[in-house]
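In the working numbering, the protein residues as written are 202 to 1011.
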Amino acid sequence: MTFNGSGRLIGWLAMLLWGLGDAGLLQPVVADDNPRQRDAHDVVLRKNVDFERHVAPLLGQLGCNTAACHGSFSGRGGFRLSLFGYSAEMDYQNLRERVDLKSPADSLILLKPSGGTEHEGGILFQQDSSAYRTIQLWIAGGAVWKPGSGRIRRLKIAPDRIIFSDRTNQLRKPVALKVQAQFTDGNLEDITDLCIFNSRDEGIVTVSSGNQLTPEHSGDTSIVVSYGIAMDSVPILVPYSQALSGLSKSHQSTAECLGSPGIIDEKISEKLRLLNITASPQCGDEEFLRRLMLDTIGTIPAPDEIRSFCADASPDKREAVIDRLLAHPMHAALWASRMCDITKCDVDTMGEPPEMARRRAQMWHDWFRRRFAANTPYSSITQDILLATSREDLEIDKWIQQEAALIRQSDANENNYADRKTLDLYWRRVSDDGRFPLKEIAELTAVAFTGVRLACAQCHKHPFDRWTQEDYIAFKSIFSQVNYGASTELKTAIMAEIDARRKRKQQGETVESLPRVQEVYLRDGRNWQAASPEMGDVVQPRALGSIAFNPQGNLRKQFYDWLVSEQNPYFANCFVNRVWNVYFGIGFVDPVDAFSAGNPASHPALLNKLADDFRKSGFDIRKLEKQILMSATYQRTSEPCGNNEIDRLNFSHQQLRALPAEVALDVLNKALGVEQDFGNDVRSGTLAIEIGTNRIAGTAGRILQTFGRGERQSVCDCDRQTEPSLKQSLFLINDSSIHKKIQSGSIRTLLDLQDNELVNELYLRMLSRQPSGDEREIMTKHIASVKNRESAFNDLVWAIINTREFMTNH
202 MTFNGSGRLI GWLAMLLWGL GDAGLLQPVV ADDNPRQRDA HDVVLRKNVD FERHVAPLLG
262 QLGCNTAACH GSFSGRGGFR LSLFGYSAEM DYQNLRERVD LKSPADSLIL LKPSGGTEHE
322 GGILFQQDSS AYRTIQLWIA GGAVWKPGSG RIRRLKIAPD RIIFSDRTNQ LRKPVALKVQ
382 AQFTDGNLED ITDLCIFNSR DEGIVTVSSG NQLTPEHSGD TSIVVSYGIA MDSVPILVPY
442 SQALSGLSKS HQSTAECLGS PGIIDEKISE KLRLLNITAS PQCGDEEFLR RLMLDTIGTI
502 PAPDEIRSFC ADASPDKREA VIDRLLAHPM HAALWASRMC DITKCDVDTM GEPPEMARRR
562 AQMWHDWFRR RFAANTPYSS ITQDILLATS REDLEIDKWI QQEAALIRQS DANENNYADR
622 KTLDLYWRRV SDDGRFPLKE IAELTAVAFT GVRLACAQCH KHPFDRWTQE DYIAFKSIFS
682 QVNYGASTEL KTAIMAEIDA RRKRKQQGET VESLPRVQEV YLRDGRNWQA ASPEMGDVVQ
742 PRALGSIAFN PQGNLRKQFY DWLVSEQNPY FANCFVNRVW NVYFGIGFVD PVDAFSAGNP
802 ASHPALLNKL ADDFRKSGFD IRKLEKQILM SATYQRTSEP CGNNEIDRLN FSHQQLRALP
862 AEVALDVLNK ALGVEQDFGN DVRSGTLAIE IGTNRIAGTA GRILQTFGRG ERQSVCDCDR
922 QTEPSLKQSL FLINDSSIHK KIQSGSIRTL LDLQDNELVN ELYLRMLSRQ PSGDEREIMT
982 KHIASVKNRE SAFNDLVWAI INTREFMTNH
């Protein structure tokens, strides 16, 4: 394969020569079926109006409970509603003050929004509208509130998937959505007129007249439907013209390239067919091997590895190399780096002196590396994080001696922390005020192991999901039993140890001082409950969407049991999504830690199936990875084909992906044949993917920061930069460290080769492929045209480093 960025390389070399050198479940509905269309101005008449079912959602639809209006913390115009309608009780109590039971039409809740009196928000509805009639009927019926009447079992949206016609030269007709709410009392009611419909991409489909969907351009997106605090979504497909697709041959070649397609290829190809998007064919051996090694072990293949793999005629050679690389030591190291990001291994929050904090960060990395090397089930890894304590089963006196010895240890690389069962370092955190950061650890645990961002719900109902402030408090309470510091038992033992050492010193012994020792422990003897700050109600600890936990039991254990249960829709899906993101550069849910009703998966059925298989396999990480790597979807070329060049979400071809910062540095060093200096406390020959700390000084730290290594200080996966930047380009072009590496690396041994052979080896070493004829000709001409051969060689190496092909995975 000739990489489509090779033209850029030729451009660089031309500059050198001429300018620089010598100088779903239901059947989808097709839009052209002409469904009944709803007029947004039709008056929907209800015999019985309920506050929670009708009035409260209507206030949300009208925008009354947003932060810009009455949902702000101070309200607006002396009237306050709960933000996004999270508290029916608050809304009812405040709304009753604006109700006139004797004369409903004189109620402020009707007069102001209908223009009957001055209203800062303007006119929201007319007197002959459904909204006016709904509120009027509620007031006329006594303006009562039945707590819990609006609790929803689920929303039913019809159609549950929309595929617009792909016929050319014909207007695509709008589609009307219908929404029903199934309440917990069993009643099913049409609530379409009370819903909010939002398009996630208005360039593909727009919403008008409340629930009318009109296609604009080809592609796929979703419509998010909100009703009160309930949310759901509908996938929308607007196919490309069949005349542009050339599907039949392309899909056939992709499906047959590895034999019978598995569930991954089946589901991916199904959606591509529905969208009329061409699937690119299988990549060549050179492209495959480079991509696979970068993804699995964070490096590029050596020239001899490429030649050997390409010459191997065995039909199962790709499976064999996948198996070998998944068992490679650097595969575990790369995953350890990812997990240090996910679990926020941050030396700044450890409450330790800098040197000790760096050592603990390396222990953190080593602990994960040991488990990924052994292919420990992901559920077991998670259990040993969430249930960790410092002492585990050790007697306190023995643990104090062990911890003191660890603190005094001088060599940061010599420790047996990975032998521990649990990762107590996850809980060894101190906030700025010196306390255990309960809020941050709760939010981090939700993001890391369920992929749900709860931070918004700390103060108000989540704007893109169903979580309320009460859900946030209940979830945070799960971790209220955990503390980091000196427990009463530890304080007593420390005092006894200090007293014993004092006596030994008085007897003439040389006694080392006892360093400060702290532990992660569980506090007992309390009923772990919290109160809602708004209404003062007691909130029982519980996980997301689960039943309340026993507040007198081990809350972390109850949380873990819920987490790995089949009833939990997040744990397996979240990790599968992360793994998919590793190998494709984007997850089914993107960002990977933003699972919500307002951010649906691009391929929900495939995500659920892979998660179910992952759960049934006993959470076997390597098995999941192999399933993905063996798919035709993963092994497609990055070269666009047919009409798929603009596709970014449907995996019709591999995307160009920026290398993670650590991998970029390691690849640069391997290609040039140099070792990176990471400082005195890191062994010589260590790779960037083997380092645990998020604080690296010197040139290495500057390079890693340039290429987007995160500082692990945000709860979400937001710190790491994943897109190329101008700063990176300027660094590769101008930085003196690059020129020093070129001039000092073992790559200079290629100067002993003849020009043609030098060019071949240079391409294999740096780009993992043979040069094209044009590239070879330009390079050899440049070598011949420059008087100083070493200078010409430096030019060529520098030019290749500055290509998109070298610094990306594809």
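Glycine included, C-beta positions come from ideal geometry on N, C-alpha and C.
- Ranked by Cα distance from Arg-910, the first of Ala-269, Ile-543, Gly-316, Ala-359 is Ile-543.
- Residue state for Met-980 is assigned as helix, using DSSP reduced to three classes.
- For Leu-246 and Ala-332, the gap between their C-alpha atoms comes out near 10 Å.
- Val-790 and Trp-668 have their alpha carbons spaced roughly 18 Å apart.
- In this chain, the alpha helix (DSSP H) harbouring Ile-310 covers 309-312.
- A distance below 9 Å separates the beta carbons of Lys-871 and Thr-500.
- Burial state of Cys-660 is exposed, judged by a 10 Å Cβ sphere holding fewer than 16 other Cβ atoms.
- With a cutoff of 9 Å on beta-carbon distance, Ala-744 and Asn-774 are scored as not near each other.
- Rounded to the nearest whole angstrom, the C-alpha separation of Met-564 and Ala-619 is 7 Å.
- According to DSSP, residue pairing for Thr-1009 in a beta bridge involves Ala-859.
- Just so you know, the alpha carbons of Glu-471 and Glu-487 end up roughly 28 Å apart.
- The Cβ neighbour count for Ile-934, taken over all protein chains shown within 10 Å, is under 16; the residue is labelled exposed.
- Proximity of the segment 988-1003 to the segment 951-966 meets the contact definition, three or more beta-carbon pairs being nearer than 8 Å.
- Distances from the alpha-carbon of Tyr-784 to those of Gln-741, Arg-702, Asn-995, Arg-539 put Arg-539 closest.
- Collapsing the DSSP output to three states places Leu-723 in a strand.
- The three-state reading of DSSP puts Arg-654 in coil, since its state is none of H, G, I, E or B.
- In the DSSP assignment, Phe-398 forms a beta bridge with Val-426.
- Nearest in C-alpha terms to Gly-322, of all of Phe-280, Asp-329, Pro-360, is Phe-280.
- Ranked by how close their Cα comes to the Cα of Asp-547, the residues Ser-632, Leu-866, Glu-713, Asn-751 have Ser-632 in first place.
- In this structure, the beta-carbon distance from Ser-423 to Thr-415 does not fall below 9 Å.
- Taking the Cα of Leu-963 as reference, the smallest distance to any Cα among Phe-489, Ser-308, Glu-713, Asp-505 is reached at Asp-505.
- For Lys-248, there is no enclosing beta strand (DSSP E), as DSSP marks it with neither H nor E.
- With respect to Arg-629, Tyr-685 sits close: the two C-beta atoms are nearer than 9 Å.
- Rounded to whole angstroms, the gap between the alpha carbons of Gly-902 and Thr-894 is 11 Å.
- Straight-line measurement puts the Cα of Thr-1009 at about 11 Å from the Cα of Ile-1002.
- By the Cβ test, the segment 373-390 is not in contact with the segment 324-344, since fewer than three Cβ pairs between them sit closer than 8 Å.
- Excluding five sequence positions before and after Glu-720, the CB atoms of its chain that fall closer than 7 Å to its own CB belong to Ser-591, Arg-592, Ser-688, Leu-691, given in chain order.
- Distance from the Cα of Ser-581 is smallest, within the candidate group Leu-764, Gly-880, Phe-252, for Leu-764.
- If you draw a straight line from the Cα of Ser-434 to the Cα of Tyr-428, it comes to about 11 Å.
- Per DSSP, the continuous beta strand (DSSP E) segment holding Ile-353 begins and ends at 353-359.
- Per DSSP, Ile-437 is not a residue of any alpha helix (DSSP H); the beta strand (DSSP E) it occupies stretches across 431-439.
- Counting C-beta atoms within 10 angstroms of its own C-beta, Ile-847 has fewer than 16 neighbours from the protein chains shown and is therefore classed as exposed.
- When C-alpha distances from Asp-996 are compared across Arg-572, Thr-711, His-983, the shortest belongs to His-983.
- Of the other Cβ atoms in all chains shown, 16 or more fall within 10 Å of the Cβ of Lys-468; this residue is therefore buried.
- Partner residues in a beta bridge of Gln-328, as assigned by DSSP, do not exist.
- By the C-beta density criterion, His-1011 is buried, having at least 16 other C-beta atoms within 10 angstroms.
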